[in-house]
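Heads up: the sequence shown begins at 1 in full-length UniProt numbering, then just goes up one per residue. A virtual CB, placed ideally from N, CA and C, is assigned to each residue, including glycine. Nothing here was measured: the structure is a model prediction, and the numbers come from that model.
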Amino acid sequence: MTATDSSVAIVRAAARAASDKLALDIIALDVSDVLAITDIFFIASAPSERQVNAIVDGIEEELIKSGLRPVRREGRSGGRWVLLDYAEVVVHVQHEEDRIFYALERLWKDCPVVDLQLEAKDPSAKQEAIAQSSDTAQLSDTAQSSATAQSSDTAN
């Protein structure tokens with residue numbers, strides 16, 4: 001048995017959304033021959049919890065456009081490993097450290113890789129966007145700390 005056309009369409013939409021949110025090491029594995037509960041495992045990673053959650057949001061928003069909502073969602077509050085279960089496709093978005101530690105690809109290494117038909121992106125553009133995202137987050141954190149300090153000074 002191989003993954004259904006419907007599963008492949010879902011995972012390709014998820015992959016495009018993840019790629020748009022600068023996910024790293026995107027891969028999809030056809031697990032339909034070894035698991036009866038799903039057709040495809042989608043795996044992507046990110047260097048921060050904030051980006052993991054942004055990728056998950058992007059995937060959910062994209063799949064909602066097709067009328068799809070996850071049957072189950074786990075790990076959202078921690079932001080280290082978020083699982084979205086769409087029945088036919090199970091999405092794993094992991095912090096890159098957790099991805100290395102759990103090595104899902106190694107566990108499912110005998111499963112065929114699904115062609116996601118993603119356009120190759122310029123790696124330097126991706127690194128620049130990640131750096132800008134990090135700078136923006138740092139500025140936001142600094143502004144929030146400054147506002148907190150100002151409000152405590154005003155209260156005194």
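Could you pull the DSSP bridge partners for residue i from this structure?
{"i": "ILE43", "result": "ILE27, HIS92"}
{"i": "VAL113", "result": "LEU29"}
{"i": "ARG72", "result": "ASP85"}
For residue i, is the classification buried or exposed, using 16 other Cβ atoms within 10 angstroms of its Cβ as the cut-off for buried?
{"i": "ARG12", "result": "buried"}
{"i": "ASP33", "result": "exposed"}
{"i": "ILE43", "result": "buried"}
{"i": "GLY58", "result": "buried"}
{"i": "GLU74", "result": "exposed"}
{"i": "PHE41", "result": "buried"}
My output table needs one value for residue i: the three-state DSSP class, helix, strand or coil.
{"i": "ARG99", "result": "helix"}
{"i": "VAL56", "result": "helix"}
{"i": "LEU83", "result": "strand"}
{"i": "GLU49", "result": "helix"}
{"i": "ARG106", "result": "helix"}
{"i": "SER66", "result": "coil"}
{"i": "GLU61", "result": "helix"}
Kindly give me the distance between the Cβ atoms of residue i and residue j, rounded to whole angstroms, as I take these residues to be in contact under 8 Å.
{"i": "ILE55", "j": "LYS21", "result": "4 Å"}
{"i": "SER45", "j": "LEU24", "result": "5 Å"}
{"i": "VAL114", "j": "LEU29", "result": "7 Å"}
{"i": "VAL89", "j": "ILE10", "result": "5 Å"}
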